[in-house]
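For the sequence shown, the residue numbers in my numbering are 773 to 1276.
By construction, the Cβ of each residue, glycine as well, lies at the ideal position given by its N, Cα and C atoms.
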Amino acid sequence: MTNKKYIISFAALFLMSSCQRFLDVKPKGKLIPSSVADYDHLLDNTSTVELNFLDGNKGSMLAGLGDNIEVTEGQGKVGFLLSSHPNVERYYAYIFRQPYKNPNLDDDFWSAGSQGMYPQISYFNNVIAGIRGIGQKTPEEESLGKTSVAQALVARAWCYFNANMIFGPVYKPGTDNSTKTIPYVVDIDINKPIPDLSTSEEVATRVLKELHEALPDLPVRSTWPSRANKASGYAMLAYYHLFTQKYDSVVHYASLAWTAAGSPANVLYDYNKFKLADPARPLTSLLLTSQDANLSLVNSREILFYRATEREAGFSLSYPSAELIALFDQANDLRFSFFYLNSPGYKTTQGGGYDDGMRTLSYRFRKTKMTDGFSWPEVLLMRAEGYARMNRLDLAIADLNTLRQYRLKTGTPGLTAGTQDEVIQWVLEERRRELPIGGFKRFLDLKRFTLDKGKPWSKSEIVHKIAGQSYKGTIDSKDFIVPISNVVLKHNPNWGIPLETRPY
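1. Which word fits R862, buried or exposed, when buried means at least 16 other C-beta atoms lie within 10 angstroms of its C-beta?
2. Under 8 angstroms between the Cβ atoms of V921 and D989?
3. Excluding five sequence neighbours on each side, which residues of the same chain lie with their C-beta closer than 6 angstroms to the C-beta of Y1025?
4. Check L814 in the structure and name its three-state DSSP category.
5. For F786, is the classification buried or exposed, using 16 other Cβ atoms within 10 angstroms of its Cβ as the cut-off for buried?
6. For S819 versus L826, is the C-beta distance shorter than 8 angstroms?
7. Give the list of continuous beta strand (DSSP E) stretches no shorter than 3 residues that lie fully inside the segment 986-1049.
8. Which of the three DSSP states, helix, strand or coil, is assigned to A884?
9. Give me the Cβ distance between L1059 and D1105, rounded to the nearest whole Å; I'm assuming they're in contact under 8 angstroms.
10. Compute the distance between the beta-carbons of R1053 and D1064, then report whether it is under 8 angstroms.
11. What number of angstroms, rounded off, separates the C-alpha of L916 from the C-alpha of A901?
12. According to DSSP, F1077 sits in a beta bridge with which residue or residues?
13. Which value, in whole angstroms, describes the spacing of the CA atoms of L1261 and K964?
14. Would N934 and A976 be called neighbours here (beta carbons separated by less than 8 angstroms)?
15. Label K1139 either buried or exposed according to how many other C-beta atoms from any shown protein chain fall within 10 Å of its C-beta, with 16 as the threshold for buried.
16. Going by beta-carbon coordinates alone, are I893 and V957 separated by less than 8 angstroms?
17. Can you tell which of F1215, G1268 and W1030 has the C-alpha that lies nearest to the C-alpha of S1232?
18. Tell me whether Q792 is buried or exposed, calling it buried when 16 or more other Cβ atoms sit within 10 Å of its Cβ.
19. Put Q908 into one of helix, strand or coil per three-state DSSP.
20. With a threshold of 8 angstroms on Cβ separation, who are the neighbours of D1224 within its own chain once the five nearest residues in sequence on each side are excluded?
21. How is the alpha helix (DSSP H) around Y1135 delimited, first residue to last?
22. Rounding to the nearest angstrom, what Cα-Cα distance links G828 and V1235 in this structure?
23. Under the three-state reduction of DSSP, which class applies to H984: helix, strand or coil?
24. Quick check: the Cα distance between L1283 and K981, rounded to an integer number of angstroms?
25. By DSSP, does K952 sit in helix, in strand, or in coil?
26. Grab me the residues of W1267's own chain with a C-beta within less than 6 angstroms of its C-beta, minus the 5 sequence neighbours each way, in chain order.
27. For E1157, I'd like the list of residues in its chain whose CB is within less than 6 angstroms of its CB, leaving aside the five on either flank, ordered along the chain.
28. Within its chain, find whatever has a CB closer than 7 angstroms to the CB of G1240; leave out the 5 residues flanking it on each side and keep chain order.
29. According to DSSP, simplified to helix, strand and coil, what is N1114?
30. Need the endpoints of the alpha helix (DSSP H) that T1174 sits in, please.
31. Going along the chain, which unbroken runs of the alpha helix (DSSP H) with 4 or more residues stay wholly within the segment 811-850?
32. Please state whether the Cβ-Cβ distance between L1259 and N876 is less than 8 angstroms.
33. I think V942 touches L814, with their Cβ atoms under 8 angstroms apart; what is that distance to the nearest whole Å?
34. Could you tell me the distance, in whole angstroms, from the CA atom of P955 to the CA atom of S1115?
35. Which same chain residues, not among the five before or five after L1096, have their C-beta less than 6 angstroms away from its C-beta?
36. Using CA atoms only, rank isn't needed, just tell me which of H984, D948 and T1031 is closest to T971.
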């Protein structure tokens, strides 16, 4: 995004101080949008893609709640507590110590300065309302306007769909989803009343409606992977239906997206063609590939819809969990060979001294570009999961083997027939190996898997151990819900949510 041609300076006030300042989205920068092109350029602002459900240092407490990382005693007591780490909520989340975040400070996930979901939603709302409010348009403007509005609708729906499950409980299809979660803000008029919190079901229903509204006007190709194209829209619909458990729809939309890729070679890197620039220095050597030079760039061939993901999990003040590492075929899986590297662990003389010795760290984010939006491998794995859950096991295995031939050493035998539960588990393990360690994808997967009680991939709680002490968090509970901060709540008493009074 940093090398995009159009970067718009755009200031706003968000959800912090009063009813009149709930969403002041009047542009106050170098450019006041007035034309279709002006509004279209707002979609190129970096903050709309780089600051999703991350803290100020591009990490996330959501990884700490899950099962992909481990934190040691030294990292916790010194790296976070004694050192007064600015994002100590990552450690508090890991030990399930609530409140995780300081309730009296702005929440980076929600709205802190230009960061958070509501500041970026203001861009999308301005694009949608601004373009629709322009009367006379040339044919060219009409065409551009439809595309821009559709892309803004998908981007906004992506934010709200994920936020609904981050700030709310497990979504349970076919049951009561009446818990109020977040306000679905679509208006740019700050003089209108603040919307009430929408229920989990209301958010899901509206997201689906807006995705279908956007789909006809999405372009076949977009100018940049931060902007949704037709395949991105299909991928978002497939993702939506994973959580509503409509697996025929998952297969339908994931297939439409995957068909747009053409050949798998167009959208997957063959890891057998990677090599290290300096094999003697695997920790610092950049990966090279004969396929193209975009592996570490936003326009990597594997990125369909770009949204920044966490860069700290499994590398800085945490390690990949033993459970995650055990999922890899260490002899044949090239993802493990290239990215999970033996490195010096955390060491300090403070706090009595700690030395973790040599540990396995994840270097994947350092050597490739990843996304919390949608990658092409995730599209294929969503289809595989849909097939597996519909008991179309041969098709699910075929999709798995398609991806694995690009990830495992040439000659590694493909997967063969298994029971339905075995195949579903194979798909979900592949999903876990393929997607980012941090970010919110694993966090949300753990929540939806609670609906599969009794299955080997379903967990009801997460247990973390540090220095012989265990810390437990229940997934289908407030342990896995990010609360709205007091900064917002105290100005919205009509929401009926009591302020957090526990000491931080």
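Short version:
1. Buried, by the Cβ-count rule.
2. Yes, Cβ-Cβ distance for V921 and D989 is below 8 angstroms.
3. Excluding residues within five positions, the ones whose Cβ falls inside 6 angstroms are Y1006, L1009 and A1010.
4. Helix, per DSSP.
5. Note that F786 scores 35 on pLDDT, short of 50, meaning its location in the model is unreliable; the coordinates nonetheless yield the value given after this. That one is buried.
6. Not a contact, by the Cβ cut-off of 8 angstroms.
7. Runs found: 1046-1048.
8. Here A884 sits in strand by DSSP.
9. With a contact defined as Cβ atoms closer than 8 angstroms, L1059 and D1105 miss out at about 15 angstroms.
10. No, they are not a contact pair.
11. Answer to the nearest angstrom: the Cα atoms are 14 angstroms apart.
12. DSSP, once it has assigned bridges, lists F1146 as partnering F1077.
13. If I take the Cα positions, the gap works out to 18 angstroms.
14. It is not a contact, given that the beta carbons lie outside the stated cut-off.
15. With 16 or more other Cβ atoms within 10 Å, it is buried.
16. Result yes, Cβ atoms of I893 and V957 sit closer than 8 angstroms.
17. The residue from F1215, G1268 and W1030 with its alpha-carbon nearest to that of S1232 is F1215.
18. The predicted position of Q792 is uncertain, since its pLDDT is 30 and thus under 50; no value can be drawn from it.
19. Judged by DSSP in its simplified three-state form, Q908 adopts coil rather than helix or strand.
20. Excluding sequence neighbours, D1224 sits near S1230.
21. For Y1135, no alpha helix (DSSP H) run applies, since DSSP gives it neither H nor E.
22. Rounded to the nearest whole angstrom, the C-alpha separation of G828 and V1235 is 27 angstroms.
23. Helix, per DSSP.
24. No information on residue 1283 is available, as it lies outside the stretch 773 to 1276 that the chain covers here.
25. Here K952 sits in strand by DSSP.
26. Excluding its 5 nearest sequence neighbours in each direction, W1267 has C-beta neighbours in its own chain below 6 angstroms: L969, listed in chain order.
27. Closer than 6 angstroms at Cβ, skipping near neighbours: V1199.
28. Within the same chain, and ignoring the five residues on either side of G1240 in sequence, no residue has its Cβ closer than 7 angstroms to its Cβ.
29. In the structure shown, N1114 sits in a strand (DSSP, three-state: E or B).
30. First-last of the alpha helix (DSSP H) with T1174: L1165 to R1176.
31. As summarised for the segment 811-850, the continuous alpha helix (DSSP H) elements at least 4 residues long and confined to that stretch are 819-822 and 833-837, given in chain order.
32. Per the sequence shown, residue 1259 should be read as Val rather than Leu. Yes, Cβ-Cβ distance for V1259 and N876 is below 8 angstroms.
33. 34 angstroms between Cβ atoms; not a contact.
34. P955 and S1115: Cα-Cα distance of roughly 45 angstroms.
35. By the criterion of a C-beta distance shorter than 6 angstroms, L1096 is surrounded in its chain by N840, once the five residues flanking it on both sides are discounted.
36. That would be D948, whose Cα lies nearest to the Cα of T971.
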